[in-house]
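Asker:
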């Protein structure tokens, strides 16, 4: 059998250490450490063994109710940062309080991200506050949101109905030279109503109703204090190479995120990742110059801006995006949208293609995406 490529051989030195796991935690709540001892023999798992273990982790179910609470609080959190045209329809219509949102209102696209929170105690989280389900373990201790995609196959309504998110690790890959490897974890999340879940077969993929989302996470090695200081010095200099969008936007929104906005979004998503909450952790442990802007918050803003460009009978059907460079608190950013062209599809519907992206304070691309919107009427 063909062995792993050279870039993976270092991973074969990893040794599983179950002794670090706290009692009662899932089996995958572990760490990996490197060992140069030649006496450890073939017991060291290869990357393929790590990949197999991660892919073998059981799917997780998170239940929630489509209460107007979460969506309304997100609208309130964003109200001072985006124009009225980009706000949720209920908020635009004057529903400033949770009790004012009618049960017939559709969940705005992107607002599902503040539902289905992680249901783990503080002691069950990774040291940086993240979900151990997604983590390959140490030394890959730094997690970043790399991108993803969402398919909106059906609408949820804010009617307090029971809904469920089925989540699993769908793919694991490693990239990079020896000593600088990064582990990429593809997480599949499927959101559906209770009755659809109860009548579905878990093996039925892809799901035809609800929302289907892929999240790409990248795990990098932890850094020493010296490396963190070096990273911080480099971050203070700004991006070495700025890549700009090839086209000008049709519409854009500029805002400056505040610590309050980041806190509100962390609270709404029950996200304890310290890179969004603790400036000292950012600088001294990971080498970032300040709090990092949330990857899913960038996605929420792109969807909000795109939604403002659509016709009344039109909605976003799919979005794909990649996070290219970090965004920071207290630094201006610009969310952009550009219409690309029309496309005819069956059943008399019209599809429109869009480009969407987020620029940092220097105009460099930080997030880049494409989207497709659908409308029922013929043009």
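Numbering (this note's numbering), first residue to last: 13 to 391. Note that beta-carbon positions come from the ideal geometry of N, C-alpha and C, so glycine has one too.
If you draw a straight line from the alpha carbon of residue 127 to that of residue 81, how long is it in whole angstroms?
Answerer: Counting from one through the chain shown, the residue named residue 127 turns up at place 115. Counting from one through the chain shown, the residue named residue 81 turns up at place 69. Those two C-alpha atoms are separated by around 10 Å.
Asker: Short check: CB of residue 305 to CB of residue 339, under 7 Å?
Answerer: Numbered from 1 along the chain shown, position 293 holds the residue referred to as residue 305. Numbered from 1 along the chain shown, position 327 holds the residue referred to as residue 339. Yes.
Asker: Is there contact here, the region 72 to 86 with the region 113 to 120, by at least three beta-carbon pairs under 8 Å?
Answerer: The answer is yes - the region 113 to 120 touches the region 72 to 86, with three or more Cβ pairs under 8 Å.
Asker: What is the DSSP secondary structure of residue 87, counted as helix, strand or coil?
Answerer: Within the chain shown, residue 87 is the residue found at index 75, counting from 1. Here residue 87 sits in helix by DSSP.
Asker: Kindly indicate which three-state DSSP category residue 108 falls into: helix, strand or coil?
Answerer: As a position in the chain shown, residue 108 is number 96, starting the count at 1. Note: residue 108 maps to coil in three-state DSSP.
Asker: In chain order, what residues of the same chain lie with their CB nearer than 8 Å to the CB of residue 209, ignoring the 5 residues before and after it?
Answerer: Against the chain shown, residue 209 aligns to sequence position 197. Closer than 8 Å at the Cβ level, and outside the excluded window around residue 209, lie 176, 178.
Asker: With DSSP run on the structure shown, which of helix, strand or coil describes residue 113?
Answerer: As a position in the chain shown, residue 113 is number 101, starting the count at 1. Here residue 113 sits in coil by DSSP.
Asker: So residue 311 and residue 378 are in contact, right, with Cβ under 8 Å, and what is the actual spacing, rounded?
Answerer: Here the question's residue 311 lines up with position 299 in the chain shown. Here the question's residue 378 lines up with position 366 in the chain shown. 12 Å between Cβ atoms; not a contact.
Asker: Is the distance from the Cβ of residue 243 to the Cβ of residue 299 below 7 Å?
Answerer: Numbered from its first residue, the chain shown carries residue 243 at position 231. Numbered from its first residue, the chain shown carries residue 299 at position 287. Yes. Within cutoff.
Asker: For residue 385, which residues does DSSP report across the bridge?
Answerer: Residue mapping note: residue 385 aligns to position 373 of the chain shown, counting from 1. In the DSSP output, where bridge partners are listed per residue, residue 385 has 328, 364.
Asker: Find the nearest neighbour of residue 367 within the set 349, 247, 324, judged by alpha-carbon distance.
Answerer: To locate residue 367, count along the chain shown from 1; it is residue 355. It is 349 whose Cα lies nearest to the Cα of residue 367.
Asker: For residue 228, which residues does DSSP report across the bridge?
Answerer: For the purposes of this step, residue 228 is taken as residue 216 along the chain shown, with counting starting at 1. In the DSSP output, where bridge partners are listed per residue, residue 228 has 159, 198.
Asker: Does the region 321 to 332 come close enough to the region 134 to 144 that 3 or more CB-CB pairs lie under 8 Å?
Answerer: Result no; under three Cβ-Cβ pairs closer than 8 Å.
Asker: So which of 207, 174, 222, 144 has the shortest CA-CA distance to residue 199?
Answerer: Against the chain shown, residue 199 aligns to sequence position 187. It is 144.
Asker: Excluding sequence positions up to five away, which residues of its chain have a Cβ less than 6 Å from the Cβ of residue 167?
Answerer: What you label residue 167 is simply residue 155 of the chain shown in a count that begins at 1. Once the five neighbours on either side are set aside, the close Cβ partners of residue 167 are 118.
Asker: What does a CB cutoff of less than 8 Å around residue 154 pick up in its chain, not counting 5 residues either side in sequence?
Answerer: What you label residue 154 is simply residue 142 of the chain shown in a count that begins at 1. So the list reads 140, 231, 232, 233, 234, 235, 298, once near-sequence residues are dropped.
Asker: State the Cα-Cα distance for the pair residue 375 and residue 225, rounded to the nearest angstrom.
Answerer: As a first step, residue 375 must be located in the chain shown, where it is residue number 363. As a first step, residue 225 must be located in the chain shown, where it is residue number 213. For residue 375 and residue 225, the distance between alpha carbons rounds to 28 Å.
Asker: Quick check on DSSP: helix, strand or coil for residue 353?
Answerer: Walking along the chain shown from the start, residue 353 turns up at place 341. If DSSP states are grouped into helix, strand and coil, residue 353 belongs with the strands.
Asker: Kindly indicate which residue of 205, 248, 183, 221 has the alpha-carbon position closest to the one of residue 229.
Answerer: In the chain shown, the residue the question calls residue 229 occupies position 217. The residue with the shortest Cα to Cα distance from residue 229 is 183.
Asker: Compute the Euclidean distance between the alpha carbons of residue 114 and residue 240, then round it to the nearest angstrom.
Answerer: Start at 1 with the first residue of the chain shown, and residue 114 comes out as number 102. Start at 1 with the first residue of the chain shown, and residue 240 comes out as number 228. Straight-line Cα distance between these residues: approximately 49 Å.
Asker: Which of the three DSSP states is assigned to residue 185 in this structure?
Answerer: As a first step, residue 185 must be located in the chain shown, where it is residue number 173. Of the three classes helix, strand and coil, the one that applies to residue 185 here is strand, per DSSP.
Asker: Considering only the beta carbon of each residue, do residue 271 and residue 341 sit closer than 7 Å?
Answerer: Residue mapping note: residue 271 aligns to position 259 of the chain shown, counting from 1. Residue mapping note: residue 341 aligns to position 329 of the chain shown, counting from 1. For residue 271 and residue 341, yes; Cβs fall inside 7 Å.
Asker: Quick one: give me the first and last residue of the beta strand (DSSP E) that residue 239 is part of.
Answerer: Translated into positions along the chain shown, residue 239 becomes position 227. Counting along the chain, residue 239 falls outside any beta strand (DSSP E), though it belongs to the alpha helix (DSSP H) covering 237 to 248.
Asker: Within the continuous beta strand (DSSP E) that includes residue 264, where are the two ends?
Answerer: Taking the first residue of the chain shown as 1, we reach residue 264 at position 252. Segment 263 to 267, the beta strand (DSSP E) holding residue 264.
Asker: Specify, as a first and last residue, the run of the beta strand (DSSP E) that residue 297 falls within.
Answerer: As a working mapping, residue 297 is identified with position 285 in the chain shown. Careful: residue 297 lies outside any beta strand (DSSP E) and carries neither H nor E.
Asker: Return the CA-CA distance between residue 196 and residue 72, expressed in angstroms with no decimal places.
Answerer: Within the chain shown, numbered from 1, the residue matching residue 196 stands at position 184. Within the chain shown, numbered from 1, the residue matching residue 72 stands at position 60. Approximately 19 Å between the Cα atoms of the pair.
Asker: Could you check what DSSP says for residue 289 in three-state terms: helix, strand or coil?
Answerer: Taking the first residue of the chain shown as 1, we reach residue 289 at position 277. Coil, per DSSP.
Asker: Ends of the alpha helix (DSSP H) at residue 341?
Answerer: If you number the chain shown from 1, residue 341 lands on position 329. Unbroken run through residue 341: none, as it is neither H nor E.
Asker: Who are the Cβ neighbours of residue 162 in its own chain at under 6 Å, not counting the five residues just before and after it?
Answerer: Locating residue 162 in the chain shown gives position 150, counting from the first residue. Correct list, in chain order: 225, 331.
Asker: Just to confirm the assignment, what range does the alpha helix (DSSP H) spanning residue 278 have?
Answerer: Here residue 278 is taken as the residue at index 266 of the chain shown, counted from 1. Residues 271 to 280.
Asker: Terminal residues of the continuous beta strand (DSSP E) containing residue 73?
Answerer: Position 61 of the chain shown holds residue 73. 72 to 77 is the extent of the beta strand (DSSP E) around residue 73.
Asker: What separation, rounded to the nearest whole angstrom, lies between the Cα atoms of residue 361 and residue 354?
Answerer: Within the chain shown, numbered from 1, the residue matching residue 361 stands at position 349. Within the chain shown, numbered from 1, the residue matching residue 354 stands at position 342. If I take the Cα positions, the gap works out to 11 Å.
Asker: Give me the Cα-Cα distance between residue 169 and residue 87, rounded to the nearest whole angstrom.
Answerer: The residue given as residue 169 occupies position 157 in the chain shown. The residue given as residue 87 occupies position 75 in the chain shown. Their Cα atoms are separated by approximately 16 Å.
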